[in-house]
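Here's the structure, in structure tokens; my notes come after.
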Ligand code: WT7
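Residue numbers (UniProt numbering): 1 to 646.
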């Protein structure tokens, strides 16, 4: 491993930063030593409440119970929209940049208010009440944000499903949350190609009898089959509605949204987030981590289908009255200079993206950087997976011209907001390290027996004590929430990640310790891919592991055994790859499928994934002991026929 250089906070950045090292230390200590006092202050500073809370926090990790600002009353949209109208109704809330570089739009806070109220009234007209679930399956267009906020306006619970998911995956999520309304678009546009959203919805809702309304935005105007009575066009529903809609008074602990994420077992789980604590977590982290000052242009490249889009495109920035850029397209269309062109076009100050995008752009060559100045940039960020020091240095030197600090933000769908990160005015940066805990986050490293490890050491990353934007439940299955996050190490929230702490107290995330993959910053359960494979007639058994991939971080490597009567062939392999993509979505398409006569199993029948991971990574000298296998000879065949990634 080559030497990692430390980058001190640039002097001019430090001089103007919201939080310097001293303030970070002081606030961090207060947040851990007197959490109730700290969070009460922040909740008053960042949010407007209709009625104050009676208790700051209640927690019982053994029961997976967490409640913040108990009895407090609040509405998210009053905080994200209405309260900004007095001073800056005409300031831009959302800059929308289309897939087509000639298409963009500025939406003021007043316009945002009007659009959200009209849709909220439309939803009410279609019978949506407080507590009802609404599925949002949309491209990255302003209506996606309107839809989320319209739900929040009336107390409906949204469940955004990423537009890249298949009809089947969509159906599972609609069913699991019992959504009765779906908001979608005729088609999405990404990289010049149409994404058949409404067609997918039609397939999904054909199997969901409880869906009584499908609202469709006309994005491309394509001629899409209708579902009859349940269909209504977004425009037809909204244009006649009033631009005023009283915000529903919500309890701090009323659900705000459900967002599905993959785990090591079973089907994706619906992570449930609630109102007051979530919004506070999103707002305070957005403000301090991105050192956000009023008037600045902030761009997070995520999709609203993921938690990053929820917290750092919509809720956090809008709560802070920021200007948030929403991008419909992809970083490589029309070519690999697109992000840098958009930064110049809209004078973006803060840019937040994923390492996988940076690695892909870096691989295309530096010539794509020469057509933009990027002088407006002040701060850069990354999220979703560890960033390798090479990509970090490229981002820092080439994209940010060595001028902009980089915040490497660690968090999860379940944490709701960032928990480990540098604060750009406070911490020296070490490329590849997520750095230090954010306010209120108390990370520990545990050994396998659950003992807290001290000093510079590696272990299982867990958190002690509650934070406001923490997961409240797995929708419809609280026991699963307890089992997944609070049982392995009683008394702690378990992340599923491994981490190392260095001598300066910096955290380095080493990756998942469970059977969860991180493919291009997307979380994938190996179990889900295995289920999709064994659904196919040809497949008897499947085992899926990750392997190091230059651009995607991890690639998907599958071992399958075939049913008798099936022969290995290139066509069959390609067929299985597309079957998985069809079953789950393109992000789950396997990179490699190896046909195996048998899988390495213990005598009790458990697949030894450690061995499969080593073979996939071509690390044969550290294969370890294979003598405990029921049939050690299967390993030789797996090795002989392994596919070495190009
Ligand atoms: C998993 C959570 C919420 C961010 C988007 C992904 C990995 C996330 C980092 C980082 C190293 C990271 C972890 C985590 N991860 N950020 N900065 N450095 N790893 O959310 O889909 O819930 O996935 O992403 O493994 O557990 P998610």
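Beta carbons are placed, not taken as given, at the ideal position from N, Cα and C, and that holds for glycine.
These figures come from a predicted structure and were not determined experimentally.
Pair within 9 Å by beta-carbon distance, residue i and residue j
{"i": "residue 539", "j": "residue 562", "result": "yes"}
{"i": "residue 416", "j": "residue 251", "result": "no"}
{"i": "residue 427", "j": "residue 379", "result": "no"}
{"i": "residue 478", "j": "residue 519", "result": "no"}
{"i": "residue 512", "j": "residue 253", "result": "no"}
{"i": "residue 389", "j": "residue 422", "result": "no"}
{"i": "residue 267", "j": "residue 186", "result": "no"}
{"i": "residue 133", "j": "residue 179", "result": "yes"}
{"i": "residue 170", "j": "residue 146", "result": "no"}
{"i": "residue 509", "j": "residue 496", "result": "no"}
{"i": "residue 47", "j": "residue 283", "result": "yes"}
{"i": "residue 323", "j": "residue 607", "result": "no"}
Exposed unless 16 or more other CB atoms sit within 10 angstroms - verdict on residue i
{"i": "residue 578", "result": "exposed"}
{"i": "residue 491", "result": "exposed"}
{"i": "residue 19", "result": "buried"}
{"i": "residue 424", "result": "buried"}
{"i": "residue 225", "result": "exposed"}
{"i": "residue 177", "result": "buried"}
{"i": "residue 640", "result": "exposed"}
{"i": "residue 155", "result": "buried"}
{"i": "residue 604", "result": "exposed"}
{"i": "residue 228", "result": "exposed"}
{"i": "residue 412", "result": "buried"}
{"i": "residue 158", "result": "buried"}
{"i": "residue 1", "result": "For residue 1, the pLDDT reaches just 48, beneath the cut-off of 50, and the residue's location in the model is therefore unreliable, although a value from the coordinates is still provided. Counting Cβ neighbours within 10 Å, residue 1 comes out exposed, since fewer than 16 surround it."}
{"i": "residue 644", "result": "exposed"}
{"i": "residue 331", "result": "buried"}
{"i": "residue 367", "result": "exposed"}
Straight-line Cα distance separating residue j from residue i
{"i": "residue 160", "j": "residue 326", "result": "16 Å"}
{"i": "residue 358", "j": "residue 299", "result": "15 Å"}
{"i": "residue 311", "j": "residue 148", "result": "12 Å"}
{"i": "residue 614", "j": "residue 642", "result": "11 Å"}
{"i": "residue 346", "j": "residue 393", "result": "25 Å"}
{"i": "residue 338", "j": "residue 40", "result": "42 Å"}
{"i": "residue 443", "j": "residue 462", "result": "6 Å"}
{"i": "residue 507", "j": "residue 212", "result": "48 Å"}
{"i": "residue 34", "j": "residue 271", "result": "28 Å"}
{"i": "residue 321", "j": "residue 78", "result": "11 Å"}
{"i": "residue 12", "j": "residue 439", "result": "24 Å"}
{"i": "residue 201", "j": "residue 182", "result": "8 Å"}
{"i": "residue 352", "j": "residue 410", "result": "13 Å"}
{"i": "residue 400", "j": "residue 343", "result": "11 Å"}
{"i": "residue 309", "j": "residue 190", "result": "17 Å"}
{"i": "residue 336", "j": "residue 328", "result": "15 Å"}
{"i": "residue 207", "j": "residue 175", "result": "9 Å"}
{"i": "residue 589", "j": "residue 581", "result": "5 Å"}
{"i": "residue 193", "j": "residue 122", "result": "30 Å"}
Residue i CB to nearest heavy atom of ligand 1 below 8 Å
{"i": "residue 518", "result": "yes"}
{"i": "residue 570", "result": "no"}
{"i": "residue 118", "result": "no"}
{"i": "residue 386", "result": "yes"}
{"i": "residue 523", "result": "yes"}
{"i": "residue 306", "result": "yes"}
{"i": "residue 408", "result": "yes"}
{"i": "residue 383", "result": "yes"}
{"i": "residue 353", "result": "no"}
{"i": "residue 36", "result": "no"}
{"i": "residue 619", "result": "no"}
{"i": "residue 173", "result": "no"}
{"i": "residue 414", "result": "yes"}
{"i": "residue 509", "result": "yes"}
{"i": "residue 411", "result": "yes"}
{"i": "residue 512", "result": "yes"}
{"i": "residue 199", "result": "no"}
{"i": "residue 72", "result": "no"}
{"i": "residue 281", "result": "no"}
{"i": "residue 270", "result": "no"}
Kindly provide the ranges of any alpha helix (DSSP H) runs that are 4 or more residues long and lie completely inside the stretch 171 to 233, ordered along the chain.
-> 197 to 205
Every unbroken beta strand (DSSP E) inside the stretch 107 to 140 [3 residues or more] = Taken in chain order, the complete beta strand (DSSP E) segments of 3 or more residues contained in the stretch 107 to 140 are 133 to 137.
Where are the alpha helix (DSSP H) runs, 4 residues long or more, that stay fully inside the stretch 469 to 532, in chain order?
-> You should have 478 to 485.
At 4 residues or longer, and completely inside the stretch 260 to 293: list those alpha helix (DSSP H) runs for me, N to C.
-> 276 to 289
Within the stretch 321 to 394, note down every full alpha helix (DSSP H) run reaching 4 residues or more, in order along the chain.
-> 338 to 346, 355 to 364, 389 to 394
Taking only runs that begin and end inside the UniProt domain "Acetyl-coenzyme A synthetase N-terminal" (24 to 80), name each unbroken beta strand (DSSP E) of 3 or more residues, in chain order.
-> DSSP runs (the beta strand (DSSP E)) wholly in the UniProt domain "Acetyl-coenzyme A synthetase N-terminal" (24 to 80): 55 to 60, 65 to 70.
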